[in-house]
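Numbering (our numbering), first residue to last: 7 to 130.
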Amino acid sequence: MTIIELTAALKAAKAAEEKAKADRLDIEAKIVALFVKPTTGEGTHNDEDFSITWKLNRTVDTDKLSGAYESLPANAQRAFRWKAEVELKNLRALADLDPVSYAAAAEFITSKPAKPSIELKDKP
């Protein structure tokens, strides 16, 4: 196949995927509408053919928590975990500006290839 044919096939596949996802989400919403959401906002309904799980997404105001963390009781502190993440812009700058510090930081970082992404562009 040529690149033009591959691009056309990719566009068609993406359109089919988007339609299938929209159809799935519509059907799921209709099923969920048939059941009463638990009063706590969390719970599960099990049926012979399917189950519905209601969940709550919880987020933390990290800046606010950082300022108050030390004043929290030990039991309240255990309600949180901290996850270190790479600040890529600063890491790259560190590699150029301070190789010794970069090497120290790099000891704790593992790099592995990510899946390449392809973005289809609409023609004007």
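Each residue gets a CB set at the ideal place from its N, CA and C atoms; glycine is no exception. The structure displayed is predicted, hence computed values, not measured ones.
Hey, could you find the ends of the alpha helix (DSSP H) residue i is sitting in?
{"i": "Ser72", "result": "Thr68 to Ala74"}
{"i": "Thr116", "result": "It is not in any alpha helix (DSSP H) - Thr116 carries neither H nor E in the DSSP assignment."}
{"i": "Thr45", "result": "No alpha helix (DSSP H) contains Thr45, which DSSP labels as neither H nor E."}
{"i": "Thr65", "result": "Neither: Thr65 is in no alpha helix (DSSP H) and is coded neither H nor E."}
{"i": "Asp32", "result": "Ile9 to Val38"}
Taking Cβ positions, are residue i and residue j nearer each other than 8 Å?
{"i": "Val66", "j": "Phe41", "result": "no"}
{"i": "Ile124", "j": "Val92", "result": "no"}
Of the residues the options, which one's Cα is nearest the Cα of residue i?
{"i": "Leu126", "options": "Ile9, Thr8, Thr13 and Phe114", "result": "Thr13"}
{"i": "Ala90", "options": "Ala111, Ala21 and Asp128", "result": "Ala111"}
{"i": "Trp60", "options": "Lys17, Lys20, Ile37 and Ala82", "result": "Ile37"}
{"i": "Gln83", "options": "Thr68, Asn96 and Leu94", "result": "Thr68"}
{"i": "Asn75", "options": "Arg64, Trp88 and Pro105", "result": "Looking at the sequence provided, one finds Tyr at residue 75 rather than Asn. When each option's Cα is compared against that of Tyr75, the closest is Trp88."}
{"i": "Ser57", "options": "Glu34, Ala99 and Ala22", "result": "Glu34"}
Considering residue i, what are the terminal residues of the beta strand (DSSP E) in which it resides?
{"i": "Ile58", "result": "Ser57 to Trp60"}
{"i": "Thr50", "result": "Gly49 to Asn52"}
Does the CB of residue i have a neighbour CB from chain C at under 8 Å?
{"i": "Thr65", "result": "Absence of chain C from the displayed structure is noted, only one protein chain being present."}
*Given 8 Å as the limit, is there contact between the region 20 to 30 and the region 40 to 60, that is, 3 or more CB pairs closer than that?*
no
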